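Numbering (my numbering), first residue to last: 22 to 223.
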């Protein structure tokens with residue numbers, strides 16, 4: 022019974038089993054935490070080892086370290102947030118509005134990492150600063166190319182539209198590609214240099 026609920030089993034062993042996917046069938050000690058507040062469930066979520074039918078998505082990791090002591094989005098980081106980051110949320114998941122610190126929702130995390138499934142309409146969810154899920158996707162270049170006009174027109178707490186941020190990301194991306202091409206030595210240049218070194222000139 023102790024291995025089913027985690028009681029009496031060294032935490033290190035539990036976390037290793039969560040990582041490797043070898044927790045016993047029917048395991049129930051998902052909220053057993055390390056000294057930082059991260060639980061067995063968080064580890065299993067990161068490695069895609071949560072069982073079918075898992076429903077304890079709102080288990081939080083508690084207050085996390087902040088250099089300035091202010092609240093941050095990792096406070097109360099839930100199992101759902103961790104699963105969203107690593108792409109291990111199940112099909113049909115519907116807890117997109119579960120919040121961590123600063124109002125940061127599961128949908129914000131999925132948008133940031135490009136893991137928000139098509140058809141999930143959560144673009145207008147806001148965190149405490151007024152940043153919507155759509156703004157987060159635009160800032161990281163994960164906004165769908167066919168996002169509707171009403172999504173592109175959403176305004177954040179700083180008065181910026183989704184279209185504004187998406188345009189800035191596109192500009193930076195194009196500039197980065199051009200800079201890479203300019204500084205990248207082309208195969209033709211290498212070939213030309215090698216042949217010249219052998220006394221052959223083009």
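Just so it is clear, CB atoms sit at the ideal spot from N, CA and C, and this is done for glycine as well. No experiment lies behind these values; they were computed from the predicted model shown.
Burial state of residue i, where buried means 16 or more other Cβ atoms lie within 10 Å
i           : result
residue 57  : exposed
residue 91  : exposed
residue 166 : exposed
residue 112 : exposed
residue 99  : buried
residue 162 : exposed
residue 176 : exposed
residue 37  : exposed
residue 46  : exposed
residue 148 : buried
From the options, residue whose alpha carbon lies closest to that of residue i
i           : options               : result
residue 133 : 140, 167, 115 and 152 : 152
residue 94  : 112, 121, 72 and 75   : 121
residue 53  : 166, 32 and 137       : 32
residue 25  : 37, 44 and 36         : 44
residue 125 : 169, 41 and 150       : 150
residue 168 : 181, 189, 83 and 139  : 139
Strand pairing of residue i, partner residues [DSSP]
i           : result
residue 120 : 126
residue 81  : 99
residue 60  : 54
residue 141 : In DSSP, residue 141 forms no bridge with anything.
residue 176 : 182
residue 153 : 147
Through-space distance from residue j to residue i, alpha-carbon basis
i           : j           : result
residue 61  : residue 76  : 14 Å
residue 81  : residue 203 : 47 Å
residue 66  : residue 40  : 9 Å
residue 146 : residue 68  : 27 Å
residue 159 : residue 186 : 6 Å
residue 73  : residue 117 : 18 Å
residue 142 : residue 164 : 12 Å
residue 115 : residue 174 : 25 Å
residue 107 : residue 188 : 27 Å
residue 110 : residue 35  : 21 Å
residue 29  : residue 55  : 15 Å
Same chain, Cβ closer than 7 Å to residue i, neighbours up to 5 away in sequence not counted
i           : result
residue 105 : 127, 130, 131 and 136
residue 172 : 144, 155 and 183
residue 63  : 82, 100 and 103
residue 119 : 78, 79, 99, 101, 126 and 127
Own chain residues within Cβ distance below 8 Å of residue i, not counting five before or after
i           : result
residue 11  : Outside the shown range of the chain, which is 22 to 223, sits residue 11, and nothing can be said about it.
residue 85  : 57, 58, 93, 95, 96, 98 and 122
residue 181 : 156
6 Å Cβ shell around residue i - same chain, five flanking residues per side excluded
i           : result
residue 71  : 65
residue 178 : 150 and 151
residue 42  : 70
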